[in-house]
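**Q** Before I ask anything, here is the structure I am working with.
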Amino acid sequence: MLAYYILLGGIALVSWLVSNQLKRKFKKYSKVQLRNGMSGKEIAEKMLADHGIYDVEVISTQGRLTDHYNPKNKTVNLSEAVYNERNAAAAAVAAHECGHAVQHAKAYQWLEMRSALVPVVSVTSGMSQWVVIGGIMLGAAAGAGLGFWVAVAGLFMMGFATLFSFITLPVEYDASNRALAWLKNKNMVSQQEYVGSKDALKWAARTYLVAAIGALANLVYWAFRVLGSRD
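Letter by letter, the sequence shown follows residues 58 to 288 of the numbering used here.
Given below as structure tokens:
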């Protein structure tokens, strides 16, 4: 168990460092005001219109870094800081979330795969580790019996969450690429503003990368605990 706690601690530390860096980047680029004077809401609405998307609503949501696209009700949800502000960070986030709306409109394969996994992961992700531990307690260490198969079922549940984390990576990177291409091609931002937007989105993407690595490490550890016990 010591190795597991060391692993968790290392991943948690990296996650904290990346998250803090992301916050610093957004704070920095929040001070870079857009020359066009457009708010995050206006940026989002223009990007949607430029892609011929008129059935998606841009709305404000409470919290910080709570921005997301909801494919169920077709809404781009921007945090208050992004929705109202007129800076490079707000432009980057607003365009990124609209990138997801463009993916949805174009039936982007990776987004559809992730959406298909949402119902499964929402049910299994919170309980998978407890199922594995419960299986071990029931006798998985003996390499046979009900406990082993309960633990294996938990591993499958954990596997879905891990798969979801890795499918999320191309979805997020593609949304950022779409956002940056639009910002640049439509001359929505100056060179300085573009650099800031790109840097902010780069660090945002790294949070998903760390999460995916953490999910995989967790799965591998428990797989060794369960399957290795049969040797």
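The C-beta atom is built at its ideal place from N, Cα and C for all residues, glycine as well. As the structure is a computational prediction, the values presented were derived from the model and not from experiment.
Hey, out of 101, 108, 157, whose CA is closest to residue 128's CA?
**A** Considering only alpha carbons, the answer is 157.
**Q** Looking at residue 97: is its Cβ nearer than 8 Å to the Cβ of residue 142?
**A** Cβ atoms of residue 97 and residue 142: closer than 8 Å.
**Q** Check for me: the alpha helix (DSSP H) holding residue 132 runs from which residue to which?
**A** No alpha helix (DSSP H) contains residue 132, which is instead part of the beta strand (DSSP E) from 132-136.
**Q** Is the Cβ-Cβ distance between residue 155 and residue 139 less than 8 Å?
**A** no
**Q** Buried or exposed for residue 116, please, with buried defined as at least 16 other CB atoms from any protein chain shown within 10 angstroms of its CB.
**A** exposed
**Q** One question on the structure: do residue 145 and residue 250 come within less than 8 Å of each other, judged by their Cβ atoms?
**A** yes
**Q** Output the boundary residues of the alpha helix (DSSP H) element that contains residue 251.
**A** Note, residue 251: alpha helix (DSSP H), 248-284.
**Q** Taking residue 180 as part of the alpha helix (DSSP H), name the residues at either end of that continuous run.
**A** 166-181
**Q** By DSSP's criteria, residue 126 is part of a beta bridge. Which residues make up the other side?
**A** 133
**Q** Pairs of beta-carbons, one from the stretch 226-244 and one from the stretch 155-174, closer than 8 Å: are there three or more?
**A** yes
**Q** Tell me the DSSP secondary structure of residue 115 in three-state form.
**A** strand
**Q** Who does residue 186 pair with in a DSSP beta bridge?
**A** Paired residue(s): none; residue 186 is not in a bridge.
**Q** Given residue 363, which residues of its chain have a CB within under 8 Å of its CB, disregarding the five upstream and five downstream residues?
**A** With the chain covering only 58 through 288, there is no way to say anything about residue 363.
**Q** At a cut of 8 Å, does the stretch 167-182 reach the stretch 209-220 through at least three beta carbon pairs?
**A** Judged by Cβ distances under 8 Å, the stretch 167-182 makes contact with the stretch 209-220, as three or more pairs qualify.
**Q** Hey, residue 194 and residue 276: beta-carbon distance below 8 Å or not?
**A** Contact: no.
**Q** Just to confirm before moving on: does the CB-CB distance between residue 191 and residue 207 stay below 8 Å?
**A** yes
**Q** Pick helix, strand or coil for residue 244, following the three-state DSSP scheme.
**A** Residue state, collapsed to three classes: coil.
**Q** Tell me whether residue 144 sits in a helix, a strand or coil according to DSSP, three-state version.
**A** Residue 144 carries a strand assignment under DSSP once its states are collapsed to helix, strand and coil.
**Q** Mind reading off the beta-carbon distance from residue 185 to residue 218? Whole number of angstroms is fine, and I expect it under 8 Å.
**A** By a beta-carbon distance limit of 8 Å, residue 185 contacts residue 218. Their separation comes to about 6 Å.
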